[in-house]
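Written below as structure tokens is the structure these notes are about.
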Amino acid sequence: MAIPFNQAEFVLSAASTSAFLRDGRKQLAFAGRSNVGKSSVINCLTGRKNLAHVGATPGKTAQINYFSLGEEAYLVDLPGYGYAKVSKAERDRWGRLMEAYFASGLISWGVMIVDARHKPTADDVTMANWFFTTGCPVIVVANKLDKLKKSEIEPNLARIRETLGLRPEDQLVPFSAEKGTGREELRALLDQAVAGENTPT
């Protein structure tokens, strides 16, 4: 049964481990740097303009936000990382929250958003490694594809795969939240994930 992406609804924001949802639904965890367009990717994926807040100031998602995707799964929007203007105390709090979530065993699939134009940062590599330690499959979404020339796409995707150390089973989806490129491919992969197919093709 296909995920009803268009019916995605906000459920709650978790600011502490006690608020994590543990009801057996699959959790599709979305992560990305503060300015990479994570909210735009989520809004594009769900076909909902303002489901995930697109803020003028990066780093505003300070909690773990849950959105229902029908009866089977949650889309879990993790706090953006790598935004230097946030206080160290706040960054530390986010870090503890994220570490607790990654250690919780609740993540079914990881969806990590990177910028298709640039080599992944050290923070991106750290985040990828966090996903790898959970043992869950990972889909990397290379957003802002519309900003690249056609000749740049393949070399850039290869650089992303190499820098993040993606495993053979990890998917890399060229994506443009602006144009909708890659949306159907990402939806299909997540459908397969929720249906219980461990390695989507």
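In short: position in the sequence shown from 1, add 34, done, that's my numbering. In this text, a Cβ means the ideal position worked out from N, Cα and C, and glycines have one as well.
Requested in this report: Scan the stretch 176-216 and note each continuous alpha helix (DSSP H) run of 4 residues or more that stays entirely inside, going in chain order.
Outcome: 184-198
Query raised in the report: For Ala-107, which of Asp-204, Asp-157 and Gly-58 has the nearest alpha-carbon?
Result: Gly-58
Query raised in the report: Which class does Lys-72 belong to by DSSP, given the choice of helix, strand or coil?
Result: helix
Report task. Measure how close the beta-carbons of Asn-190 and Leu-182 come, nearest whole angstrom, since I'm counting them as under 8 Å. Result -> 6 Å
**Report entry** Where Leu-85 falls: helix, strand or coil (DSSP)
**Finding:** The three-state secondary structure of Leu-85, taken from DSSP, is coil.
Requested in this report: Closer than 6 Å by C-beta to Glu-43: which residues in its own chain qualify, once you throw out the five before and the five after it? Chain order, please.
Outcome: Counting only Cβ-Cβ distances below 6 Å, and skipping sequence neighbours, we find Ser-102.
Requested in this report: Please state if the CB of Arg-217 and the CB of Asp-158 are separated by a distance shorter than 9 Å.
Outcome: no
**Report entry** Buried or exposed by the 16-neighbour rule on C-beta atoms within 10 Å, applied to Ala-192
**Finding:** exposed
Query raised in the report: Would you say the stretch 67-87 touches the stretch 131-140, given that touching needs at least three Cβ pairs under 8 Å?
Result: no
Query raised in the report: Taking DSSP as the reference, what is the three-state secondary structure of Ala-150?
Result: Coil, per DSSP.
Report task. Note down, in chain order, each residue of its chain lying with its Cβ closer than 8 Å to the Cβ of Glu-105, except the 5 sequence neighbours on either side. Result -> Arg-59
Query raised in the report: Taking the alpha carbon of Val-70 as the point to measure from, which residue in Lys-178, Leu-55, Leu-131 and Ala-123 has its own alpha carbon closest?
Result: Ranking Lys-178, Leu-55, Leu-131 and Ala-123 by Cα distance to Val-70 puts Lys-178 first.
Query raised in the report: Which class does Gly-66 belong to by DSSP, given the choice of helix, strand or coil?
Result: strand
Report task. Give the DSSP-derived three-state secondary structure of Phe-136 in the structure shown. Result -> In the structure shown, Phe-136 sits in a helix (DSSP, three-state: H, G or I).
Query raised in the report: beta strand (DSSP E) containing Asn-40: first to last residue?
Result: It is not in any beta strand (DSSP E) - Asn-40 carries neither H nor E in the DSSP assignment.
**Report entry** Whole-number beta carbon distance between Ala-162 and Leu-198, since they are thought to touch under 8 Å
**Finding:** Rounded to whole angstroms, the Cβ separation of Leu-198 and Ala-162 is 4 Å, and the two are in contact under 8 Å.
Query raised in the report: With respect to the beta strand (DSSP E) encompassing Ala-53, which residues constitute its N-terminal and C-terminal limits?
Result: Judged by DSSP secondary structure, Ala-53 falls outside any beta strand (DSSP E); it is assigned neither H nor E.
Query raised in the report: On the three-state DSSP scale, how would you describe Gln-226?
Result: helix
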